[in-house]
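Structure first, then comments.
2 protein chains.
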Amino acid sequence: MKIKDLRFTEKKWDFVKPFHIANNVSTSKVNIEVELVLSDGTVGLGESSSSFRVNGESEAAIFQLQKEILEMIKDLDVRDYRKVFAKLDAYSRTAPSLKAAIQFATLHAFSRSISTPVYQILGGMKDFVETDKTVSIGSLEETVHDAKEIFDAGHKVIKMKVGEDVKSDVARVLAVNDEIKGVRYVIDANTGYTTKEALRFIDAMYRNDVPVGIFEQPVPAEDFEGLKIIRQGSMYPVGADESAKTKYDVMRLIKEGAVDYVNIKLMKSGLSDALAIVEMCNSAGIGLMIGCMSESGIGVSQSVHFAAGTGAFTYHDLDSHLLLKDVDPVGFRQEKDRQYPILF
Amino acid sequence: MKIKDLRFTEKKWDFVKPFHIANNVSTSKVNIEVELVLSDGTVGLGESSSSFRVNGESEAAIFQLQKEILEMIKDLDVRDYRKVFAKLDAYSRTAPSLKAAIQFATLHAFSRSISTPVYQILGGMKDFVETDKTVSIGSLEETVHDAKEIFDAGHKVIKMKVGEDVKSDVARVLAVNDEIKGVRYVIDANTGYTTKEALRFIDAMYRNDVPVGIFEQPVPAEDFEGLKIIRQGSMYPVGADESAKTKYDVMRLIKEGAVDYVNIKLMKSGLSDALAIVEMCNSAGIGLMIGCMSESGIGVSQSVHFAAGTGAFTYHDLDSHLLLKDVDPVGFRQEKDRQYPILF
Numbered sequence: 031m032k033i034k035d036l037r038f039t040e041k042k043w044d045f046v047k048p049f050h051i052a053n054n055v056s057t058s059k060v061n062i063e064v065e066l067v068l069s070d071g072t073v074g075l076g077e078s079s080s081s082f083r084v085n086g087e088s089e090a091a092i093f094q095l096q097k098e099i100l101e102m103i104k105d106l107d108v109r110d111y112r113k114v115f116a117k118l119d120a121y122s123r124t125a126p127s128l129k130a131a132i133q134f135a136t137l138h139a140f141s142r143s144i145s146t147p148v149y150q151i152l153g154g155m156k157d158f159v160e161t162d163k164t165v166s167i168g169s170l171e172e173t174v175h176d177a178k179e180i181f182d183a184g185h186k187v188i189k190m191k192v193g194e195d196v197k198s199d200v201a202r203v204l205a206v207n208d209e210i211k212g213v214r215y216v217i218d219a220n221t222g223y224t225t226k227e228a229l230r231f232i233d234a235m236y237r238n239d240v241p242v243g244i245f246e247q248p249v250p251a252e253d254f255e256g257l258k259i260i261r262q263g264s265m266y267p268v269g270a271d272e273s274a275k276t277k278y279d280v281m282r283l284i285k286e287g288a289v290d291y292v293n294i295k296l297m298k299s300g301l302s303d304a305l306a307i308v309e310m311c312n313s314a315g316i317g318l319m320i321g322c323m324s325e326s327g328i329g330v331s332q333s334v335h336f337a338a339g340t341g342a343f344t345y346h347d348l349d350s351h352l353l354l355k356d357v358d359p360v361g362f363r364q365e366k367d368r369q370y371p372i373l374f
Numbered sequence: 031m032k033i034k035d036l037r038f039t040e041k042k043w044d045f046v047k048p049f050h051i052a053n054n055v056s057t058s059k060v061n062i063e064v065e066l067v068l069s070d071g072t073v074g075l076g077e078s079s080s081s082f083r084v085n086g087e088s089e090a091a092i093f094q095l096q097k098e099i100l101e102m103i104k105d106l107d108v109r110d111y112r113k114v115f116a117k118l119d120a121y122s123r124t125a126p127s128l129k130a131a132i133q134f135a136t137l138h139a140f141s142r143s144i145s146t147p148v149y150q151i152l153g154g155m156k157d158f159v160e161t162d163k164t165v166s167i168g169s170l171e172e173t174v175h176d177a178k179e180i181f182d183a184g185h186k187v188i189k190m191k192v193g194e195d196v197k198s199d200v201a202r203v204l205a206v207n208d209e210i211k212g213v214r215y216v217i218d219a220n221t222g223y224t225t226k227e228a229l230r231f232i233d234a235m236y237r238n239d240v241p242v243g244i245f246e247q248p249v250p251a252e253d254f255e256g257l258k259i260i261r262q263g264s265m266y267p268v269g270a271d272e273s274a275k276t277k278y279d280v281m282r283l284i285k286e287g288a289v290d291y292v293n294i295k296l297m298k299s300g301l302s303d304a305l306a307i308v309e310m311c312n313s314a315g316i317g318l319m320i321g322c323m324s325e326s327g328i329g330v331s332q333s334v335h336f337a338a339g340t341g342a343f344t345y346h347d348l349d350s351h352l353l354l355k356d357v358d359p360v361g362f363r364q365e366k367d368r369q370y371p372i373l374f
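So the sequences go chain by chain: A and B. Mapping the first sequence onto our numbering, position 118 (from 1) lands on 148, and the numbers just tick up by one. Mapping the second sequence onto our numbering, position 136 (from 1) lands on 166, and the numbers just tick up by one.
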């Protein structure tokens, strides 16, 4: 089961509608599809959805790494997957989404060789996971319409994007909460608030009894002190996303007592750091959610297998394939909000 | 690959010679051999070597748990091994060595079903590990004789037991260090010193330029403050063993900055907590060694597969099969100090 070749293919995906989060709008995304070829012809698949905003990655730049990475991992046996993982860890800061794709492709090739799905190599803790779906920033009418559509599609958790303006953000969430009963909200400011804005926002949620599961990344990635203050001042759990990329980031968040939750994304951490973050948050009593960038079918599959295999997550935000046009789920079956990982 | 039966067998092992550590002498040990039987007849093996001193476990008591544990895990699929692990986590404090044996037997049954050795399910990071061998507490002459024998057998690390009397402990280590060149020492006080005794002992090592790799568990298990003071006052790395049983213990050691090293033993932590401890220590810059209780062949095999699979350890103290009479290595090949995990 030795690695013989590594192929990259660029694929462009359009969003169903512009995806608007705090200070950022996306209409399309170019991802890299990875094929890892073994000596017997077995192919492991993976997908990188790079992020300039979160990781500082440029898709065009990391696409050029194919040759040097193949040199590093050629002839390694995918059964010795930690050897491959360790090589890719060198790209933890510079190309984490590519690290994720190749680490997954390694497990996927192993999985095909032993006819055992990846999620069972990772422990098979859950047979399926339940994903939320995201409402991006828009007008009040648009927000309510989108949230109702998500509720009607069977999702029990709705993720709402905020972080541009406290007053209109509060108004939009309250309008949705008036219309819909029986869901919980993950509210994500994507670093858009100051500490005081965040405290005012979350206080408005509490005064209006909005069922917030996590208040995610209110302040800039490096502002651990701000997170800590908001955690102490919030009656709802506060989570880190942009602040929590590598396992070292998360160890620091834990030591500083900065958050109640961590949002793991394979595109930020790869499988190796994600596994470490799972274990250390479990050990520290920190809650876990899993999120995504703009992955298509293969990419979301990576996270579905990881989430089901480890069974570590309270919240799953694995909806990017639903936000992009013409995506077929690969490696999982979607039934309403449920995602069942399969051998593929 | 569903679990259908669980069998326990008691086996008594005699030590080659009385094994003397701080305030404790052993001449024999009764272990529990575990067989986990799947629906298709596949058997997974494991071994519990309980410890009253470290875990508070009684072999006779945990032997009675067979029926209730079988009830808990019956019909679970070993491919969903985290489901089995999670059930056994309920015994983290009361029967950790049994938890370890059954968790390993689960992976071993999975391993046999896919013809892939356990160490590769765990990542296959190393193809072999190098174990030290232990000199127990004895007269100065005996200590030097035993250490030379270990050196002649090809071990590059010698573990020395101390912790009963600083003056004679220092004399014994210095006598060995005068005789043998080119090895490193793991020095283990097994909770036997006070903080000040430990500081005096380790200062004597430094003044005499003894190559100490780790100064292990100088003070009682619960004395985290003592560990921290010794860490700050020692020019050598200070390690926790008896203080580090569960992943929660280790998270606390990390948060308190109490040690440089952690000694993982499957008999204290099982595979589930051991995996967590590996990840969190890697993330916190804490070094790792792996040790054993009084395991025979199967039991040492568990640790060899774990250590090679994760590749996480700087020091390996997997020598109990060498200290017991009539033990055949099972699941690994021993060549001098090298231990190669194999499919079994």
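Note that CB positions come from ideal geometry on N, CA and C, so glycine has one too.
What are the residues in the segment 269–281 of chain A lying within 9 Å of chain B by C-beta distance?
Shown in chain order are the members of the segment 269–281 of chain A whose Cβ falls below 9 Å from a Cβ of chain B: Thr276, Lys277, Tyr278, Val280 and Met281.
So the alpha helix (DSSP H) B/Asn61 belongs to, where does it begin and stop?
Residue mapping note: residue 61 of chain B aligns to position 31 of the second sequence, counting from 1. Annotation for B/Asn61: no alpha helix (DSSP H) segment contains it, though the beta strand (DSSP E) segment containing it runs Asn54 to Leu68.
Taking Cβ to Cβ, would you say B/Tyr149 is nearer than 7 Å to B/Pro371?
Translated into positions along the second sequence, residue 149 of chain B becomes position 119. Translated into positions along the second sequence, residue 371 of chain B becomes position 341. Closer than 7 Å, so yes.
So within the segment 271–343 of chain A, which uninterrupted alpha helix (DSSP H) runs reach at least 4 residues, ignoring any that extend past its ends?
Segments of the alpha helix (DSSP H) lying fully in the segment 271–343 of chain A: 277–285, 296–314 and 327–340.
Beta strand (DSSP E) segment containing A/Val46, residue limits:
As a working note, residue 46 of chain A is residue 16 in the first sequence. Residues Ile33 to Ile51.
Between which two residues does the alpha helix (DSSP H) carrying B/Gly256 extend?
Translated into the one-based positions of the second sequence, residue 256 of chain B becomes position 226. Here the alpha helix (DSSP H) through B/Gly256 covers Phe254 to Gly263.
Along chain B, which residues have their Cβ under 7 Å away from the Cβ of A/Ile144?
Residue numbering aside, residue 144 of chain A sits at position 114 when the first sequence is read from its first letter. Residues of chain B whose Cβ lies closer than 7 Å to the Cβ of A/Ile144 are, in chain order, Ile144 and Thr146.
Just mark A/Tyr121 as buried or exposed, buried being the case when its beta carbon has 16 or more other beta carbons within 10 Å.
Taking the first sequence and counting its residues from 1, the one referred to as residue 121 of chain A is at position 91. Buried.
Is it a yes or a no for the segment 179–192 of chain A touching the segment 357–370 of chain A, going by three-plus beta-carbon pairs under 8 Å?
At 8 Å Cβ cutoff, the stretches touch.
Please check if any C-beta of chain A sits within less than 7 Å of the C-beta of B/Ala314.
By one-based count along the second sequence, residue 314 of chain B stands at place 284. At a cut-off of 7 Å between C-beta atoms, B/Ala314 counts as an interface residue with respect to chain A.
Tell me where the beta strand (DSSP E) around A/Arg368 begins and ends.
Position 338 of the first sequence, counting from 1, holds the residue named residue 368 of chain A. Taken as a continuous stretch (DSSP letters only), the beta strand (DSSP E) holding A/Arg368 covers Arg368 to Pro371.
Does A/Arg109 get closer than 7 Å to chain B when you measure Cβ to Cβ?
Your numbering for residue 109 of chain A matches position 79 in the first sequence. In terms of beta-carbon proximity, A/Arg109 lines the interface with chain B, with at least one pair separated by less than 7 Å.
Answer with yes or no whether the minimum CB distance from B/Arg368 to chain A is below 7 Å.
Counting from one through the second sequence, the residue named residue 368 of chain B turns up at place 338. No, its Cβ sits nowhere closer than 7 Å to a Cβ of chain A.
Could you work out which residues of chain A lie near B/Arg123, taking near to mean beta carbons separated by less than 9 Å?
By 1-based counting over the second sequence, the position of residue 123 of chain B is 93. Chain A residues near B/Arg123: none, gap ~15 Å exceeds 9 Å.
CB-CB under 8 Å to A/Ala205, same chain, minus the five flanking residues each way: which ones, in chain order?
Indexing the first sequence from 1 puts residue 205 of chain A at position 175. Answer for A/Ala205: Leu170, Thr173 and Val174, listed in chain order.
is_contact[B/Ala251, chain A] using C-beta, thresh 7 Å:
As a position in the second sequence, residue 251 of chain B is number 221, starting the count at 1. So no, B/Ala251 is outside the interface.
Mind the definition here: the segment 279–299 of chain B touches the segment 316–325 of chain B only if three or more C-beta pairs lie below 8 Å; say whether that holds.
In the pairwise beta carbon analysis, the segment 279–299 of chain B is classified as touching the segment 316–325 of chain B: at least three pairs are separated by under 8 Å.
Quick one: using the 10 Å Cβ neighbour count with 16 as the cut-off for buried, is A/Pro248 buried or exposed?
Numbered from 1 along the first sequence, position 218 holds the residue referred to as residue 248 of chain A. It counts as buried.
Cβ-Cβ distance between B/Met31 and B/Val114 below 7 Å
Looking up residue 31 of chain B in the second sequence gives position 1. Looking up residue 114 of chain B in the second sequence gives position 84. No. Outside cutoff.
Unbroken stretches of the alpha helix (DSSP H), 4 residues or longer, contained in the segment 73–145 of chain B
For the segment 73–145 of chain B, whole alpha helix (DSSP H) runs of length 4 or above, ordered along the chain, are 82–85, 89–93, 96–103, 111–118 and 126–143.
Below 8 Å CB to CB, which residues in the same chain sit around B/Val308 once its five sequence neighbours on both sides are set aside?
Walking along the second sequence from the start, residue 308 of chain B turns up at place 278. Only residues of its own chain outside the window of five on either side were considered, and among them Ile294, Leu318, Thr340 and Ala342 have a CB closer than 8 Å to the CB of B/Val308, listed in chain order.
Please tell me whether A/Gly153 has its Cβ less than 7 Å away from any Cβ of chain B.
Position 123 of the first sequence holds residue 153 of chain A. At least one CB of chain B lies nearer than 7 Å to the CB of A/Gly153.
Complete beta strand (DSSP E) runs within the segment 190–263 of chain A (minimum length 3 residues, chain order):
As far as the segment 190–263 of chain A is concerned, its whole beta strand (DSSP E) runs of at least 3 residues are 214–218 and 242–246.
Hey, could you find the ends of the beta strand (DSSP E) A/Thr164 is sitting in?
Within the first sequence, residue 164 of chain A is the residue found at index 134, counting from 1. Taken as a continuous stretch (DSSP letters only), the beta strand (DSSP E) holding A/Thr164 covers Lys163 to Val165.
Which value, in whole angstroms, describes the spacing of the CA atoms of A/Met102 and A/Lys34?
Counted from its first residue, the first sequence places residue 102 of chain A at position 72. Counted from its first residue, the first sequence places residue 34 of chain A at position 4. Distance between the alpha carbons of A/Met102 and A/Lys34 is about 11 Å.
I need the boundaries of the alpha helix (DSSP H) containing B/Phe158, first residue and last residue.
Residue 158 of chain B sits at position 128 when you count from the first residue of the second sequence. Neither: B/Phe158 is in no alpha helix (DSSP H) and is coded neither H nor E.
Whole-angstrom C-beta distance between B/Asp349 and B/Thr161, which should lie under 8 Å:
Numbered from 1 along the second sequence, position 131 holds the residue referred to as residue 161 of chain B. Numbered from 1 along the second sequence, position 319 holds the residue referred to as residue 349 of chain B. Under the criterion of beta carbons closer than 8 Å, B/Thr161 and B/Asp349 qualify as touching, at roughly 5 Å.
Between A/Leu229 and A/Gly269, is the Cβ-Cβ spacing less than 7 Å?
On the first sequence, residue 229 of chain A is found 199 positions in, with the first residue counted as 1. On the first sequence, residue 269 of chain A is found 239 positions in, with the first residue counted as 1. Not a contact, by the Cβ cut-off of 7 Å.
Proximity test, A/Met190 beta-carbon vs the ligand ADP heavy atom, cut-off 6 Å
Although the ligand ADP was asked about, the structure shown includes no ligands whatsoever.
I'd like to check one pair, A/Val360 with A/Ser331: are the Cβ atoms closer than 7 Å?
Position 301 of the first sequence, counted from the first residue, corresponds to residue 331 of chain A. Position 330 of the first sequence, counted from the first residue, corresponds to residue 360 of chain A. The answer is yes: Cβ separation under 7 Å.
Along the chain, where does the alpha helix (DSSP H) that runs through B/Phe181 open and close?
As a working mapping, residue 181 of chain B is identified with position 151 in the second sequence. Taken as a continuous stretch (DSSP letters only), the alpha helix (DSSP H) holding B/Phe181 covers Leu170 to Asp182.
With a threshold of 7 Å between beta carbons, is B/Ala306 in contact with chain A?
As a position in the second sequence, residue 306 of chain B is number 276, starting the count at 1. At least one chain A Cβ lies under 7 Å of B/Ala306.
Measure from the alpha carbon of B/Lys285 to the alpha carbon of each residue in B/Asp195, B/Ala135, B/Phe254 and B/Ala131, then state which is nearest.
Position 255 of the second sequence, counted from the first residue, corresponds to residue 285 of chain B. Measuring C-alpha to C-alpha distances from B/Lys285 to each of B/Asp195, B/Ala135, B/Phe254 and B/Ala131 identifies B/Phe254 as the nearest.
For the beta strand (DSSP E) containing A/Phe362, name the first residue and the last one.
On the first sequence, residue 362 of chain A is found 332 positions in, with the first residue counted as 1. Boundaries of the beta strand (DSSP E) harbouring A/Phe362: Phe362 to Glu365, taken from the DSSP string.
Where A/Gly76 and A/Asp233 are concerned, what is the direct C-alpha to C-alpha distance, given to the nearest angstrom?
Working through the first sequence from its first residue, we reach residue 76 of chain A at position 46. Working through the first sequence from its first residue, we reach residue 233 of chain A at position 203. The C-alpha of A/Gly76 lies about 42 Å from the C-alpha of A/Asp233.
Once you ignore the five residues that flank B/Thr72 on each side, which residues in its own chain have a CB closer than 8 Å to its CB?
Numbered from its first residue, the second sequence carries residue 72 of chain B at position 42. Within its own chain, the residues whose Cβ lies closer than 8 Å to the Cβ of B/Thr72, once the five positions on either side in sequence are excluded, are Met31, Ala139, Arg142 and Ser143, listed in chain order.
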